[in-house]
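Structure below.
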């Protein structure tokens, strides 16, 4: 078997060794995806603030300081930034954090799923995932309107991808994976002493639908990584005194982050 000589040993500087250039179209698509994620992330703080209420309570209708009323209809929900236009008090999470989350998730998905017909479905759920994580962090809830919207976007996007590409196998696998993800978390939620909510069960089903499209190995990673991330976060919070042993912690952000990480590692 012929011996392969490393470039440096052969007298060729590593800086001169030929490399495959990244296509310009790929860089443009990646930049556009990051920009879109940042813009959608900028719209998240108002949604988070209005929906961060106890279950069964109507969404917030105005500023907590000056009682400035939100506009009725979509314009009252789709507003850039997190500060009240009247008194400038911040309502909801920092827009810098939500913009970072949106841009990062869109960038990672676009980078690891180039040419994937189901990419729009992944991006749509990632867009909904930013306010979902914010609401769960604020009040330990995953509101049904957001989870239901994510389900519609995921199912519709995968159905469109299957119809366009003819990939019925991944679509069927995604359906079974979604049911498996929801069923597995339902068992955990019904276990004695469990702190999982049914919002976590529903979100696990939605994410399983997407992860199953990519493969069973990606689904397995997506089911295990969230609980590993949540465990690490719990240990850190307990060790720093920011949480108590009897204090429930949100699982939604870990489910979303674990799914994103599973896609990146699995692909």
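Residue numbers (this note's numbering): 20 to 286.
C-beta: ideal position from N, C-alpha, C; glycine also.
In terms of residue numbering, what span does the alpha helix (DSSP H) encompassing residue 103 cover? That residue, residue 103, is in no alpha helix (DSSP H); it is neither H nor E in DSSP.
Where residue 28 falls, given that 16 or more other Cβ within 10 Å makes a residue buried: Reliability of the predicted coordinates at residue 28 is poor, the pLDDT of 49 falling under 50, and no value is obtained from them.
Assuming residue 176 and residue 137 form a contact by the criterion Cβ under 8 angstroms, report the distance between their Cβ atoms to the nearest whole angstrom. 6 angstroms
Using the beta-carbon count (16 or more within 10 Å), is residue 219 buried or exposed? It is buried - the Cβ of residue 219 has at least 16 other Cβ atoms within 10 Å.
Cβ separation of residue 273 and residue 248, assumed to be a contact under 8 angstroms, to the nearest whole Å: 4 angstroms
With DSSP run on the structure shown, which of helix, strand or coil describes residue 88? In the structure shown, residue 88 sits in a strand (DSSP, three-state: E or B).
Is residue 212 helix, strand or coil when you go by DSSP? coil
Under 8 angstroms, do residue 110 and residue 82 count as touching if we go by C-beta distance? yes
Outcome for residue 191 when other beta-carbon atoms lying within 10 angstroms are tallied against a minimum of 16: Classification of residue 191: exposed, given that the 10 Å Cβ count is below 16.
So residue 168 and residue 147 are in contact, right, with Cβ under 8 angstroms, and what is the actual spacing, rounded? 6 angstroms
Could you have a look at residue 203 and say whether DSSP puts it in helix, strand or coil? helix
Member of 255, 246 and 52 whose CA lies at the smallest distance from the CA of residue 132: 52
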